[in-house]
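Below: the structure, in structure tokens.
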Amino acid sequence: MINPDYFFKFLKKNNINFFAGVPDSVLKNTKNFFSTINNKHHIITANEGLAVSACVGYHLSTNNLACAYMQNSGLGNAINPLISISHQKVYSIPMLLLIGWRGSPGIKDEPQHMLKGKITPNLLKLLGIKYCILNKNKDFYKLKKIISFAKRNKQTVACLIKKGTFESSKLKKKENVIKKTFIKRENFIEEMLSQINIKTKIISTTGFTSRELNQIRNNKKIKKGSDFYMVGGMGHSSMVALGASIKSKETLICLDGDGSFLMHLGAIASIAANARSNFKHILLNNFSHESVGGQPTNIEKINLKNLVKSAGYKKFYSIKNINETSQILKKFIKSKGPSFLEVQIKPISMQNLKRPKNLLTIKKKFMKSF
Ligand SMILES: Cc1ncc(C[n+]2csc(CCOP(=O)(O)OP(=O)(O)O)c2C)c(N)n1
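Under the numbering used here, read the sequence shown as residues -10 to 359, first letter to last.
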């Protein structure tokens, strides 16, 4: 195992002092370090492409090498700036990618990670990005070598980290001041399932939301409505919901998370311009990336009502307390959409959460419901 505090000391010694990225469960033990440095040295970005861009800009103004961190599923989001801005055949910008390697060969993982895990090294090769795998302390010399290569040749390089590589940090985490919230996601989901119509379709986002929806449905044997769990494709559930709502007469609910919502925020313009009255967007807002460690999403300062109303959503609702949940939810479900409901939830999830299994069966059942 590798001590993450030592890892960052090593990067500092190599003059890497600026970080931008999207949190990831494999890199979760880096969060104490990031919580201790200020925002001149660290930016949590909405998606991984934006992390690469921030590192490009940092290099332009300092001539220093920065580090963009991400899960390998986010490498897809990063490909455009990696090819079209920083690549050696374009602007040749040196940078270190720190990549959490879900689905790495030989390690059991979820279906949505297995293929990306397998092709990650080949993707890097195709992108012309030299990489090393950091497994044990002995591997630091490889990291040193590729960082020197990056500096010398003005190229992007990558360091792959497998699940379980980083041990706990000894640094004291600086707590983020996250807004006080009162509703548990599981309680809201239960209330929602009790209020929906039998034909309602729910498309739920990546992380704990889909897992809780699936678990509550199974535990309570709720047959009303049909679910499509977006176990991967973070940030895409609202557009999948829009696509599914266009030809349907039934209510379509997108159950989104704040990190996912921000990842492809541009979707709200397409939704507002194209969605019909059956489109209902729920944002389960815990102000954090709870599923991967609770890092802040930076959504706090956004006035969500102004944001979605100015985009063109017809209605906006907000639930902040348990005792107003049932009534506001009723109004929201009845409303003529596209409508938006923000539910401020606690960053606490159900115990012993399982994962949706048999994805093809889930898809088949969902398609049959139309
Ligand atoms: C493209 C991509 N980047 C990063 C991740 C890792 N990831 C999984 S869940 C998650 C957090 C999602 O945050 P949010 O939507 O607010 O939901 P919460 O976890 O708070 O319920 C992240 C970053 C991913 N799955 N895909």
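C-beta: ideal position from N, C-alpha, C; glycine also.
Problem - Residues bridged to Q60 (per DSSP) - result: G89
Practice task
Could you have a look at H270 and say whether DSSP puts it in helix, strand or coil?
Solution key: strand
Practice task
May I have a chain-ordered list of the alpha helix (DSSP H) segments no shorter than 4 residues that lie completely inside the segment 250 to 313?
Solution key: 256 to 263, 293 to 300
Practice task
Return the bridge partner residues of Q333 from the DSSP annotation.
Solution key: N274
Practice task
Tell whether a beta-carbon distance below 8 Å holds between K269 and T240.
Solution key: yes
Handout entry: Separation of A55 from T194, as counted between CA atoms
Key = 31 Å
Problem - Unbroken stretches of the beta strand (DSSP E), 3 residues or longer, contained in the segment 190 to 254 - result: 190 to 193, 215 to 218, 241 to 246
Exercise for the section: Starting from A139, trace the alpha helix (DSSP H) both ways and give me its first and last residue. Expected result: 129 to 142
Practice task
Please work out which residues of its chain come closer than 6 Å, Cβ to Cβ, to I172, disregarding the five sequence neighbours upstream and downstream, and give them in chain order.
Solution key: I311, I334
Problem - Limits of the alpha helix (DSSP H) - the one that I108 falls within - result: 100 to 115
Problem - Residue interval of the alpha helix (DSSP H) (run including V370) - result: The question about residue 370 has no answer here: the residues shown for the chain are numbered -10 through 359.
Handout entry: Identity of the residue in I308, S183, P327, K134 nearest L231 by Cα
Key = P327
Exercise for the section: State yes or no: is the C-beta of I205 within less than 8 Å of the C-beta of L182? Expected result: yes
Practice task
Could you name the residues that DSSP lists as bridge partners for S183?
Solution key: Answer is none; S183 lacks a bridge partner.
Practice task
Using the Cα positions of T154 and A258, report the straight-line distance between them to the nearest angstrom.
Solution key: 40 Å
Practice task
Sort N176, L16, T19, V11 by Cα distance to C44 and report the nearest one.
Solution key: V11
Problem - Nearest neighbour of Y58, chosen from S226, K78, N36 [CA to CA] - result: N36
Handout entry: Backbone secondary structure at S73 - three-state DSSP
Key = helix
Exercise for the section: Work out the CA separation of G224 and G255 for me, nearest whole Å. Expected result: 10 Å
Exercise for the section: Apply the 10 Å Cβ neighbour rule to Q60 and answer buried if 16 or more other Cβ atoms are within range, or exposed otherwise. Expected result: buried
Practice task
Determine the extent of the beta strand (DSSP E) in which F7 is found, giving its start and end residues.
Solution key: Here F7 belongs to no beta strand (DSSP E), and DSSP marks it neither H nor E.
Exercise for the section: Please go through the same chain and pick out, in chain order, the residues whose beta-carbon is closer than 8 Å to the beta-carbon of H76, but skip the five residues on each side of it. Expected result: L116, G117, T145
Practice task
Give every residue of the same chain whose Cβ lies closer than 6 Å to the Cβ of P285, excluding the five residues on either side of it in the sequence, and list them in chain order.
Solution key: N165, S277
Problem - Short Cβ contact (8 Å threshold) for G283 with P345 - result: no
Practice task
Determine the burial state of F(-3): buried for a count of at least 16 other Cβ atoms within 10 Å of its Cβ, exposed for fewer.
Solution key: buried
Exercise for the section: Could you give the DSSP three-state label for S315: helix, strand or coil? Expected result: helix
Exercise for the section: Report whether the distance from the Cβ of P70 to the nearest heavy atom of ligand 1 is below 7 Å. Expected result: no
Exercise for the section: Please look up how many angstroms separate the CB atoms of E331 and S307, rounded, as I've assumed it's under 8 Å. Expected result: 5 Å
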